[in-house]
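>
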Amino acid sequence: MSILVITNRKGGAGKTTVSVNLAAEFAAKGQRVLLVDLDSQGHCAVGLGVKIEAGQATAHDIFTQPNMHILDAVQQTTIPNLSLLPANPAFQHHSSGHDEKCLARALSHESIALQFDLVIIDTPPSLDNLLLNALSAAHWVLVPYVPHPLSFEGVRQLVRLLFKVISKINRSLKILGFLLVMTANNIRQHKQITEQVTKQFGALRVLTGIRTDIKLAEAFAANKPVRFYAPKSRGAEDFAELAEMLSSLIKK
Ligand SMILES: Nc1ncnc2c1ncn2[C@@H]1O[C@H](COP(=O)(O)OP(=O)(O)OP(=O)(O)O)[C@@H](O)[C@H]1O
Ligand SMILES: [Mg+2]
1 MSILVITNRK
11 GGAGKTTVSV
21 NLAAEFAAKG
31 QRVLLVDLDS
41 QGHCAVGLGV
51 KIEAGQATAH
61 DIFTQPNMHI
71 LDAVQQTTIP
81 NLSLLPANPA
91 FQHHSSGHDE
101 KCLARALSHE
111 SIALQFDLVI
121 IDTPPSLDNL
131 LLNALSAAHW
141 VLVPYVPHPL
151 SFEGVRQLVR
161 LLFKVISKIN
171 RSLKILGFLL
181 VMTANNIRQH
191 KQITEQVTKQ
201 FGALRVLTGI
211 RTDIKLAEAF
221 AANKPVRFYA
231 PKSRGAEDFA
241 ELAEMLSSLI
251 KK
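Residues in the sequence shown are numbered from 1 upward in steps of one, following our numbering.
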């Protein structure tokens, strides 16, 4: 079982769009996928059309109920092979405590490895204990970023944290890549920021981006991954290609 975390502390950087659509692509390839929503905004459930009942078990219970079994909170979605560990919309992010291994412990239960091939973790836009938990549990980290002048500095700060986590908490964590989202190749600023990221982190780590496509936003509002909402759209094409490329990287 591989664990992939999608993160960028910047809000609106495409984390949830990437998490939901990649999860759907890998599920369509036959992988049994568990999407974990650590962001109390609860957007993964929205993007997948999953209803969360008041009082039901959630991903955030891991931080308040150490003996909870994660499978009690897992919900099937209507998409074959895709399950969701939903967020608790009432969870206060500062109440996740100081133990950065809660999620790693919860995911290390052998029943999880038996039931899932891939775990994808969507994170909140913050550098806090929730993010440390995601990074401590993961094998891979994927960083979506937007073509905005401040974006590069945010990515740099995040990479500093990643190196700290790799050296002190989780030696098996590897950077899968940086993914420019909402791109248009002909805009100079987009090229500049990708050049900055390439120069700093190496061309191998810079993945082919996800183009701007209103269908991705519409799909989200329609509570569906784009491959079901608009299968012929640019967004669907880009996510299919991304999943294909990441599959081979994750296998290596
Ligand atoms: N490639 C794209 N083309 C067009 N719209 C996009 C694209 N990617 C994301 N969006 C839209 O941009 C907005 C922000 O995306 P998203 O919610 O995925 O970001 P996020 O990083 O998860 O945000 P937050 O930090 O609040 O969790 C959403 O309205 C989404 O539909
Ligand atoms: Mg989000």
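C-beta atoms are modelled at their ideal positions from N, C-alpha and C, and glycine is treated no differently.
Could you tell me whether the stretch 33 to 50 touches the stretch 165 to 175, using the rule of 3 or more Cβ pairs below 8 Å?
no
> Quick one: Cα of P147 to Cα of N67, how far?
Taking the sequence shown and counting its residues from 1, one reaches residue 147 at position 147. Taking the sequence shown and counting its residues from 1, one reaches residue 67 at position 67. Rounded to the nearest angstrom, the two C-alpha atoms are 42 Å apart.
> What is the DSSP secondary structure of F116, counted as helix, strand or coil?
Position 116 of the sequence shown, counted from the start, is the residue given in the question as residue 116. Here F116 sits in coil by DSSP.
> Tell me, which residues are paired with L144 by DSSP?
In the sequence shown, residue 144 corresponds to position 144, counting from 1. The sequence given here places Pro at residue 144; Leu does not occur at that position. Per the DSSP secondary-structure output, P144 pairs in a beta bridge with L179.
> Please report the residue range of the alpha helix (DSSP H) in which R32 lies.
Against the sequence shown, residue 32 aligns to sequence position 32. Element bounds for R32: n/a, residue is neither H nor E.
> Taking 8 Å as the cut-off, is the C-beta of G12 nearer than that to any heavy atom in ligand 1?
Position 12 of the sequence shown holds residue 12. Yes, the Cβ of G12 comes within 8 Å of a heavy atom of ligand 1.
> If you follow the beta strand (DSSP E) that R205 is part of, which residue opens it and which one closes it?
Start at 1 with the first residue of the sequence shown, and residue 205 comes out as number 205. Counted as a single uninterrupted DSSP element, the stretch harbouring R205 is not any beta strand (DSSP E), since DSSP gives it neither H nor E.
> Let me know the secondary structure DSSP gives D234 once reduced to three states.
Position 234 of the sequence shown holds residue 234. Asp is not the amino acid found at residue 234; the sequence shown has Arg there. In this structure, R234 counts as helix in the three-state DSSP scheme.
> On the DSSP letters alone, give me the boundaries of the beta strand (DSSP E) that S2 sits inside.
By one-based count along the sequence shown, residue 2 stands at place 2. Its beta strand (DSSP E) spans residues 2 to 6.
> Please identify the residue among E53, G49, D122, Q200 whose C-alpha is closest to the C-alpha of A90.
Walking along the sequence shown from the start, residue 90 turns up at place 90. It is E53.
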